[in-house]
Ligand code: CO8
């Protein structure tokens, strides 16, 4: 499949996807979401890839769902067309970690897309927000659900009800992003984090992603039980034997992803 709205490249063991609709500040339309889903699945199935980075331009990660596309939608267009569900949720099926590298605007669906990634590294220029209320609608791809879990009910209400934007520093203080870096260091730092992850045991990386995500879906006692079963299962892997042996022999581990 050739892509028109995204750029795709690999850097060693890291797959990099760049949203690329510069004239519309990477507004998210069906073509882009289809292409993004396809590229993510290709990287997920590629044994040579250990981590995925999703980024945008310097000015915008993504300024939201494409308003021009939605403007004349009827209820039936959205309902029967299965809007959002049909191609916005691919990212949730990806088993390898996906890091969002956010510079500039991450608004509406752009903020929601960043939140669907496993963690967010932000440039000092990043601005996050859910301004849908100004358009007479509400967040439609998890904003009302993921934002309160990430930054508290109070801040989520503030952002969704006033449509104000949150800068990178506030986003880091609130726990939405894991780190804030200088704009010129955004890709360097994100790729370094991705490369670190890609050198770990891939099955263990996937188990950690799965287990941390379980914390959002279950009770504490069931989550801890789930973690315990995952932890036990690592003892069936070659990589656990290698990791602990390498530590005792004071050398770097050579994981085989098995
Ligand atoms: N959709 C379509 N086009 C857009 C969008 C968008 N979300 N955002 C920007 N553009 C276009 C502009 O129309 C403009 O195009 P043109 O040059 O042809 O006039 C171009 O991008 C540049 O934008 P601006 O001239 O406005 O640039 P500024 O630097 O002046 O402003 C802003 C930048 C502040 C980001 C401004 O563009 C803006 O407010 N954009 C809209 C932000 C927004 O409201 N986002 C939420 C959209 S709704 C949404 O995401 C719902 C999600 C629901 C779930 C998913 C369902 C699919």
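Residue numbers (this note's numbering): 419 to 676.
All C-beta atoms, glycine included, are put in the ideal place defined by N, C-alpha and C.
Nearest by alpha-carbon distance to residue i: which of the options is it?
i	options	result
residue 657	622, 650, 626	622
residue 479	531, 454, 643	531
residue 543	454, 535, 583, 512	583
residue 444	595, 520, 630, 614	520
residue 541	547, 630, 586, 460	586
residue 535	508, 558, 551	508
residue 608	439, 547, 432	432
residue 559	570, 496, 598, 589	496
residue 441	449, 481, 460	481
residue 510	675, 581, 660, 632	632
residue 673	626, 581, 660, 424	660
So, helix, strand or coil for residue i, using DSSP?
i	result
residue 489	coil
residue 617	coil
residue 424	strand
residue 629	helix
residue 524	strand
residue 432	strand
residue 509	helix
Skipping 5 residues on each side, what residues in its chain have a beta carbon closer than 8 Å to that of residue i?
i	result
residue 634	567
residue 628	513, 648
Using C-beta distances below 6 Å, list every residue in its chain close to residue i, excluding the 5 sequence neighbours before and after it, in chain order.
i	result
residue 434	427, 471
So, at 7 Å on beta carbons, what are the nonlocal neighbours of residue i in its own chain, with the 5 sequence-adjacent residues on each side left out?
i	result
residue 538	518, 520, 532, 594, 595, 596
residue 678	Outside the displayed span of the chain (419 to 676) sits residue 678, for which this structure offers no information.
residue 553	485
residue 577	547, 548, 565, 584
residue 451	505, 506
residue 425	436, 438
message: Using a Cβ distance threshold of 8 Å, determine whether the segment 466–474 contacts the segment 514–527, with at least three qualifying pairs required.
response: yes
- request: Could I get the ranges of all uninterrupted alpha helix (DSSP H) runs contained in the segment 536–607, with 4 residues as the minimum, in chain order?
  value: 561–569, 571–580, 586–592
- prompt: Three or more beta-carbon pairs under 8 Å between the segment 598–612 and the segment 499–512, yes or no?
  reply: no
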